[in-house]
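Residue numbers (the working numbering): 36 to 471.
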């Protein structure tokens, strides 16, 4: 079948193009050299992606010049401009590639392209080391600290995963084959002054788990390279204060700031650099330009739906509808770690009622209640309804997961219930994917 829309896109050296629209799209390199998310495209090989209007686009860039055929069923928009990724490419090639190990923290403003920059660093590192004699010793790890748009597992989580065979780019990052370790934060919102202590708690749990894994599974002479993708906090929390807390935990070798160094309206990174230079004098800072045409809306709903039913570019999943005795589950919610009780994160038991209908809940790996704030997540499910008369809970869970081997169910924090409660239409869509 011939696509309805086809266009030959030609870019000059040092140019990039953002392709935005809705629906499936195929990109095929015709001549020259083109990169997508730091991945070098192979000539005459079609690459398929799925665009989501205002939520997910793709960016092609070239340092040498090249052309590609872009085919789609729906009309798409092309935004060409000088490439802003040159500093990031140079930093990766000149600074990171020669290092045996590295730990890079990517920070910046909201909707600046931080996640793209983090993924691009890993993809470029893998590409530049391909074919080298010692390449087998290098291993690459991503820590996704974005509860709003976690692309490794599911929104609401901070995650750690080893990047092995497939690149990190649109539609393929949350592949069921990646097997990340994730901690549930109880919210899909960016950190704020009210809950920053709780968020930092889960980041510490994740980072400690990562380091323990590397000590066990990645000993010398293997060379771990860790890239951390940190969120931008809400306006009530100063960026320099928040990022300093993250840096004190992970102690990076390098910090990449996705922002213009000359932006007169921004001074937080100046204060941050001055503070960090005192405690980590060997930590290097570098800047890279933010996206010229960022997506206006978060991908929270999109990523959540993909968790349950998969995506067109990975594996389409089905859901299972289960009837579970209420007594076999223990419902809890996080308490503490907020402005009222910043000392630590604990849990409080909650009695299940019909008010929990349509909530997305996490199943903890914890075996006792005291372990819940310290344990990774085992999976997610949606509560269809609570039958108080028969003491049963009807849930929807991804068919590919055995999510109910544990009993502790973590409900969203109160302020996050709105974002983690499906609409009737969303629930109906999931019910349509129930496997028989």
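Quick reminder that beta carbons are idealized off the backbone N, C-alpha and C, glycines included.
Roughly how many whole angstroms lie between the Cα atoms of residue i and residue j?
| i | j | result |
| --- | --- | --- |
| residue 128 | residue 156 | 9 Å |
| residue 445 | residue 413 | 11 Å |
| residue 260 | residue 108 | 39 Å |
| residue 425 | residue 361 | 9 Å |
| residue 97 | residue 307 | 32 Å |
| residue 40 | residue 110 | 7 Å |
| residue 44 | residue 83 | 16 Å |
| residue 252 | residue 245 | 10 Å |
| residue 431 | residue 380 | 28 Å |
| residue 363 | residue 237 | 26 Å |
| residue 142 | residue 292 | 5 Å |
| residue 402 | residue 233 | 21 Å |
| residue 345 | residue 205 | 13 Å |
| residue 270 | residue 228 | 9 Å |
| residue 356 | residue 463 | 12 Å |
| residue 93 | residue 125 | 21 Å |
| residue 68 | residue 258 | 29 Å |
| residue 275 | residue 373 | 19 Å |
| residue 160 | residue 359 | 46 Å |
| residue 266 | residue 282 | 13 Å |
| residue 498 | residue 322 | Limits of the chain in this structure are 36 at one end and 471 at the other, which puts residue 498 out of reach. |
| residue 287 | residue 452 | 34 Å |
| residue 112 | residue 38 | 16 Å |
| residue 392 | residue 116 | 47 Å |
Need the endpoints of the beta strand (DSSP E) that residue i sits in, please.
| i | result |
| --- | --- |
| residue 179 | 173-179 |
| residue 440 | Careful: residue 440 lies outside any beta strand (DSSP E) and carries neither H nor E. |
| residue 393 | It is not in any beta strand (DSSP E) - residue 393 carries neither H nor E in the DSSP assignment. |
| residue 449 | Run containing residue 449: none; DSSP gives neither H nor E here. |
| residue 55 | 50-55 |
| residue 264 | 258-264 |
| residue 329 | Neither: residue 329 is in no beta strand (DSSP E) and is coded neither H nor E. |
| residue 42 | 40-46 |
| residue 73 | Counting along the chain, residue 73 falls outside any beta strand (DSSP E), and DSSP gives it neither H nor E. |
| residue 197 | 192-198 |
| residue 59 | 58-67 |
Since residue i is in the alpha helix (DSSP H), which residue starts that stretch and which ends it?
| i | result |
| --- | --- |
| residue 158 | 149-164 |
| residue 354 | Per DSSP, residue 354 belongs to no alpha helix (DSSP H); it is in the beta strand (DSSP E), 354-360. |
What distance in whole Å lies between the Cβ atoms of residue j and residue i, which are believed to be in contact at a cut-off of 8 Å?
| i | j | result |
| --- | --- | --- |
| residue 194 | residue 223 | In fact, because the Cβ distance is near 13 Å, the residues do not count as touching under 8 Å. |
| residue 180 | residue 263 | 6 Å |
| residue 324 | residue 119 | 3 Å |
| residue 147 | residue 268 | The pair is not a contact, with the Cβ atoms about 13 Å apart (cut-off 8 Å). |
| residue 75 | residue 162 | 6 Å |
| residue 415 | residue 396 | 7 Å |
| residue 186 | residue 114 | Not really, about 22 Å apart at Cβ, beyond 8 Å. |
| residue 173 | residue 72 | No, residue 173 and residue 72 are not in contact; Cβ-Cβ is about 19 Å, not under 8 Å. |
| residue 369 | residue 221 | 5 Å |
| residue 189 | residue 342 | 4 Å |
| residue 219 | residue 192 | 6 Å |
So what's residue i in DSSP terms, helix, strand or just coil?
| i | result |
| --- | --- |
| residue 368 | strand |
| residue 422 | strand |
| residue 276 | helix |
| residue 336 | helix |
| residue 187 | coil |
| residue 462 | helix |
| residue 315 | coil |
| residue 294 | coil |
| residue 236 | helix |
| residue 399 | strand |
| residue 247 | helix |
| residue 408 | helix |
| residue 457 | coil |
| residue 427 | strand |
| residue 305 | helix |
| residue 219 | strand |
| residue 385 | coil |
| residue 378 | coil |
| residue 83 | strand |
| Completely contained alpha helix (DSSP H) runs for the segment 85-149, where each covers 4 or more residues | Secondary structure in the segment 85-149: the alpha helix (DSSP H) runs of 4 residues or longer, each lying completely within the stretch, are 121-126 in chain order.
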